[in-house]
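Comments concern the structure below.
In this note's numbering, the protein residues as written are 13 to 76.
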């Protein structure tokens, strides 16, 4: 299971590697650069599934 994901802000394009939580989905994320508050897209469980390079741990488990 991969715990690092590069999250990309849809507002300004800034990318940052973050460690994903393993015990819950992360519903909100504030962009370090522009301070936009990201929320998951419809149908996604967390911001990493919507804007990250790797899906969150719970989705990774479901795919295996």
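Every residue gets a Cβ at the ideal spot worked out from N, C-alpha and C, and that includes glycine.
- Query: Can you tell me whether residue 50 is buried or exposed, with buried defined as 16 or more other CB within 10 angstroms of its CB?
  - Reply: Along the chain shown, read from residue 1 onward, the residue named residue 50 stands at position 38. The residue in question, residue 50, is buried, as its Cβ has 16 or more Cβ neighbours within 10 Å.
- Where does residue 23 fall in DSSP's three states? Reading the chain shown from its first residue, position 11 is the one you call residue 23. Three-state result, residue 23: coil.
- Just the C-alpha distance for residue 42 and residue 62, rounded to the nearest angstrom, thanks. As a first step, residue 42 must be located in the chain shown, where it is residue number 30. As a first step, residue 62 must be located in the chain shown, where it is residue number 50. When rounded, the distance between both Cα atoms is 14 Å.
- Query: According to DSSP, is residue 70 helix, strand or coil?
  - Reply: Against the chain shown, residue 70 aligns to sequence position 58. Helix, per DSSP.
- Three-state secondary structure (DSSP) at residue 15? As a position in the chain shown, residue 15 is number 3, starting the count at 1. Coil.
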